[in-house]
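Scroll down for the structure; my scribbles are underneath it.
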């Protein structure tokens with residue numbers, strides 16, 4: 014018999030809205046993900062560099078800096094090379110997708126999230 | 089309107105309270121644009137928001153809405169108008185807008201400007217009901233960091249003059265075109281250089297030294313123009329292009345390419361530029377439209 018163990022994957026969520034953060038936690042934690050939270054761009058960068066996660070979920074509308082600017086900062090950090098960054102945004106889907114692509118995100122999920130599909134979509138980015 | 093609604097001057101509240109209220113008005117907004125208190129203070133300073141004429145709507149002790157009034161010579165500007173979810177469907181927005189117009193009239197400011205995000209139909213309708221008329225569509229666009237797309241053209245100039253803050257202000261003073269409030273001459277005069285970013289603060293702190301930069305360029309084919317911008321560590325903002333001579337789109341693209349050649353690592357945002365031939369130049373230089381605003385004006389009869 015073969016036993017496989019999968020290390021718990023860590024997701025850093027950079028999101029200023031408490032209700033949105035809580036929802037993502039509630040959806041992802043039962044699937045075995047460990048969630049780290051940051052409430053603005055500055056603390057997001059700090060958290061990502063202190064403990065590079067397996068994936069970053071990034072709200073594009075943050076109070077201290079634009080999500081777009083933050084993507085550029087994260088993409089510039091050698092420690093985060095290869096870490097998927099997924100834009101999480103309430104922007105209209107066509108604009109959100111273009112923005113995510115232009116700024117070097119690996120994907121884009123629009124809000125409100127589809128609770129039934131969210132964990133699967135996030136998992137697909139981690140396992141690529 | 090609710091009988092218990094009270095409108096107080098925004099100057100009775102802290103910037104933190106105003107920021108929190110503003111963010112809560114935008115939680116389910118078409119284009120979410122949250123702020124922190126530093127950004128709010130910068131907004132107030134840059135755009136001449138007069139808090140004593142701006143209003144906060146209260147139901148009991150609860151803030152249910154907010155509306156701000158920018159004041160400049162002979163004109164005002166309504167901004168950050170929003171109602172919290174708990175204050176909606178009670179005509180709170182109508183009461184706030186009416187009060188802001190009253191303040192504007194009382195201050196002898198006969199021209200009132202505002203912008204509404206395109207497709208925000210309820211707000212647009214409300215402004216029409218209060219006598220506002222559309223003047224033009226304005227574009228908000230971005231460009232991801234990266235080198236100039238056409239470096240050869242960017243550098244194919246007969247003369248490049250690097251402009252300091254005061255030179256840029258002088259160019260803006262001489263502009264003939266009416267600029268939107270966000271990029272008007274008065275805004276440029278309010279721009280201050282952010283302090284250099286530190287390890288603990290990527291954005292730096294605002295308002296230290298005057299700092300707009302610019303490039304005045306004359307090309308081999310006779311085209312001429314200038315681009316001005318505020319360069320922070322991470323972002324180029326308040327970008328303005330003026331084509332003095334030559335094809336508007338090509339010259340705009342060339343000026344922007346030169347700016348991005350010199351600032352390849354910064355993200356760039358343009359706000360409220362008109363949809364004219366220069367926009368083609370912005371697109372050639374790598375900008376893409378994120379959304380549009382409709383500028384409206386109401387003139388006291």
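Residue numbers (our numbering), protein chains in the order written: chain A, 14 to 141; chain B, 89 to 389. Note that CB positions come from ideal geometry on N, CA and C, so glycine has one too.
Taking DSSP as the reference, what is the three-state secondary structure of residue i?
i             : result
residue 355/B : strand
residue 277/B : helix
residue 16/A  : Low local confidence applies: a pLDDT of 40 at residue 16/A is under 50, so the model's placement there is unreliable, and no value is given.
residue 52/A  : coil
residue 126/A : coil
residue 61/A  : helix
residue 38/A  : helix
residue 46/A  : coil
residue 28/A  : coil
residue 380/B : strand
residue 295/B : Its pLDDT being 47, under 50, residue 295/B is placed unreliably by the model, and the measurement read from it follows with that caveat. Three-state result, residue 295/B: coil.
residue 133/A : helix
residue 146/A : Nothing in the structure corresponds to residue 146/A, since chain A is present only between 14 and 141.
residue 309/B : coil
residue 76/A  : coil
residue 270/B : helix
Taking only the alpha-carbon atoms, compute the straight-line gap between residue i and residue j and give it to the nearest angstrom.
i             : j             : result
residue 153/B : residue 175/B : 7 angstroms
residue 137/B : residue 171/B : 18 angstroms
residue 355/B : residue 148/B : 43 angstroms
residue 95/B  : residue 151/B : 10 angstroms
residue 279/B : residue 127/A : 42 angstroms
residue 309/B : residue 317/B : 25 angstroms
residue 350/B : residue 97/B  : 45 angstroms
residue 380/B : residue 227/B : 5 angstroms
residue 298/B : residue 36/A  : Unreliable placement is indicated for residue 298/B, whose pLDDT of 49 sits below 50; the coordinate value is still reported in the next sentence. Rounded to the nearest angstrom, the two C-alpha atoms are 43 angstroms apart.
residue 373/B : residue 73/A  : 23 angstroms
residue 194/B : residue 123/A : 44 angstroms
residue 313/B : residue 115/A : 28 angstroms
residue 90/A  : residue 134/A : 25 angstroms
residue 250/B : residue 81/A  : 28 angstroms
residue 334/B : residue 105/A : 37 angstroms
residue 92/A  : residue 62/A  : 7 angstroms
residue 131/A : residue 141/A : 16 angstroms
residue 332/B : residue 322/B : 29 angstroms
residue 30/A  : residue 56/A  : 14 angstroms
Is the beta carbon of residue i less than 8 angstroms from the beta carbon of residue j?
i             : j             : result
residue 366/B : residue 340/B : yes
residue 24/A  : residue 75/A  : no
residue 270/B : residue 330/B : no
residue 197/B : residue 156/B : no
residue 49/A  : residue 64/A  : yes
residue 235/B : residue 311/B : no
residue 127/B : residue 53/A  : no
residue 185/B : residue 214/B : yes
residue 276/B : residue 326/B : yes
residue 229/B : residue 370/B : yes
residue 113/A : residue 120/A : yes
residue 72/B  : residue 377/B : Look at the range of chain B in this structure, 89 to 389, and you will see that residue 72/B is not part of it.
residue 96/A  : residue 118/A : no
residue 259/B : residue 303/B : no
residue 67/A  : residue 139/A : yes
residue 301/B : residue 272/B : no
Excluding five sequence neighbours on each side, which residues of the same chain lie with their C-beta closer than 7 angstroms to the C-beta of residue i?
i             : result
residue 51/B  : Limits of chain B in this structure are 89 at one end and 389 at the other, which puts residue 51/B out of reach.
residue 274/B : 136, 160
residue 86/A  : 58
residue 34/A  : 26, 28, 50
residue 232/B : 355
residue 119/B : 205, 379
residue 107/B : 123, 124, 125, 128
residue 38/A  : 48
Note down, in chain order, each residue of its chain lying with its Cβ closer than 8 angstroms to the Cβ of residue i, except the 5 sequence neighbours on either side.
i             : result
residue 21/A  : 45, 46, 47
residue 243/B : 346, 349
_Runs of 3 residues minimum, wholly inside the stretch 214-266 of chain B: which ones carry the beta strand (DSSP E) assignment?_
The stretch 214-266 of chain B contains these whole beta strand (DSSP E) runs: 221-231, 245-251.
*What are the start and end residues of each continuous alpha helix (DSSP H) run of 4 or more residues lying completely inside the stretch 130-203 of chain B, in chain order?*
Taking only runs of at least 4 residues, the alpha helix (DSSP H) segments lying wholly in the stretch 130-203 of chain B are 180-194.
*In chain order, which alpha helix (DSSP H) runs of at least 4 residues are fully inside the stretch 91-135 of chain B?*
Correct list: 103-113, 125-134.
*Please list the segments of the beta strand (DSSP E) lying wholly inside the stretch 313-376 of chain B, counting only runs of 3 or more residues, in order along the chain.*
Runs of beta strand (DSSP E) with 3 or more residues, each lying fully within the stretch 313-376 of chain B, are found at 323-333, 355-362, listed in chain order.
*Mind listing, in chain order, the continuous beta strand (DSSP E) runs of no fewer than 3 residues lying wholly within the stretch 81-105 of chain A?*
98-102, all fully within the stretch 81-105 of chain A.
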